[in-house]
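In our numbering, the protein residues as written are 185 to 429.
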């Protein structure tokens, strides 16, 4: 009997060329696919919810695959973790309806970007963007809220078609030296979040005012600063129709 198995996955993206399988380079998808095929003895198609870029981390990535293996769903978690490198971890494995597709069944995705004010901490250099300046967080917070709603985000991406997206939440919080940007939507464009954060940092540094930020948002100007990937995390993905995920 063919079953549909969903996996919840956490990973450190530092040593990988993103999620999607690429020839001759390590990727998250290829490592997990290889482990599943070794475990089941079957060729599988592994569908990921989000194609994270090289260096981007995940706390709650989701993927699914079809299998005729008789391994109990909950055992996939433990069996796969024994085969995967230590920077990739399956945190949950469940059987889901055949209709479930990790990519197309998504209701919303939540990403976070971590900024640390101050000199580079060598232990955190691959997990946050360090800015050795004091940022105007209040100005950044005001501009972050402007992102909420439906816009054409062509100024924040190299993509040329289908660039309209609806953002349900865009906010900045600060605790001590840590500044956290959080954004929620159903889908995002290539480099979109990293370009948004880049603009918000320029606001925080006084290099861009609120009016100039709005011009980028409305397409009158182009985002000019793309933050590096290592501060970005795929935090969570919601599937209201599939509460078992």
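Where is the CB? At the ideal position from N, CA and C, for every residue including glycine.
Own chain, CB closer than 7 Å to residue i, minus 5 neighbours either side, in chain order
i: residue 271; result: 195, 196 and 199
First and last residue of the uninterrupted beta strand (DSSP E) at residue i
i: residue 279; result: 272-280
i: residue 344; result: Looking at the DSSP string, residue 344 is not in any beta strand (DSSP E), and its letter there is neither H nor E.
i: residue 334; result: 333-336
Cβ-based neighbour list, residue i, same chain, cut-off 8 Å, excluding 5 preceding and 5 following
i: residue 264; result: 191, 216, 219, 220, 223, 274 and 277
i: residue 268; result: 215, 216, 219 and 274
i: residue 243; result: 194, 417, 418, 419 and 420
i: residue 326; result: 394
i: residue 247; result: 190, 191, 193, 213, 216, 230, 231, 232, 233 and 286
Identity of the residue in the options nearest residue i by Cα
i: residue 226; options: 255, 239 and 234; result: 255
i: residue 347; options: 253, 402 and 309; result: 402
i: residue 366; options: 207, 332, 211 and 257; result: 332
i: residue 233; options: 425, 421 and 426; result: 421
i: residue 373; options: 398, 322 and 339; result: 339
i: residue 409; options: 394, 376, 423 and 398; result: 376
i: residue 281; options: 250, 302, 390 and 351; result: 250
i: residue 211; options: 241, 261 and 309; result: 241
i: residue 425; options: 284, 316 and 385; result: 284
i: residue 384; options: 258, 187, 316 and 321; result: 321
i: residue 236; options: 345, 362, 295 and 364; result: 295
Reduced DSSP secondary structure (H/G/I, E/B, other) of residue i
i: residue 406; result: coil
i: residue 368; result: strand
i: residue 246; result: strand
i: residue 152; result: Residue 152 lies beyond the stretch modelled for the chain, which goes from 185 to 429, so this question has no answer here.
i: residue 227; result: coil
i: residue 353; result: strand
i: residue 358; result: strand
i: residue 309; result: coil
i: residue 303; result: coil
i: residue 218; result: helix
i: residue 186; result: coil
i: residue 479; result: Any property of residue 479 remains undetermined from this structure, which presents the chain solely from 185 to 429.
Burial state of residue i, where buried means 16 or more other Cβ atoms lie within 10 Å
i: residue 461; result: The structure shown does not extend to residue 461, since the chain spans only 185 to 429, so no value can be given for it.
i: residue 304; result: exposed
i: residue 293; result: buried
i: residue 415; result: buried
i: residue 288; result: exposed
i: residue 394; result: exposed
i: residue 350; result: exposed
i: residue 253; result: buried
i: residue 316; result: exposed
i: residue 423; result: buried
i: residue 298; result: buried
Contacting residues, own chain, Cβ-Cβ under 6 Å from residue i (five flanking each side not counted)
i: residue 209; result: 201
i: residue 319; result: 388
i: residue 355; result: 328 and 366
i: residue 307; result: none
i: residue 370; result: 292
Endpoints, alpha helix (DSSP H) assigned at residue i
i: residue 330; result: 321-330
i: residue 418; result: From DSSP, residue 418 is part of no alpha helix (DSSP H) but of the beta strand (DSSP E) over 416-422.
i: residue 388; result: 376-388
i: residue 259; result: 257-265
i: residue 401; result: 394-401
Contact test: residue i Cβ vs the ligand FAD heavy atom, cutoff 7 Å
i: residue 293; result: Absence of the ligand FAD is noted for the structure shown, with no ligands found whatsoever.
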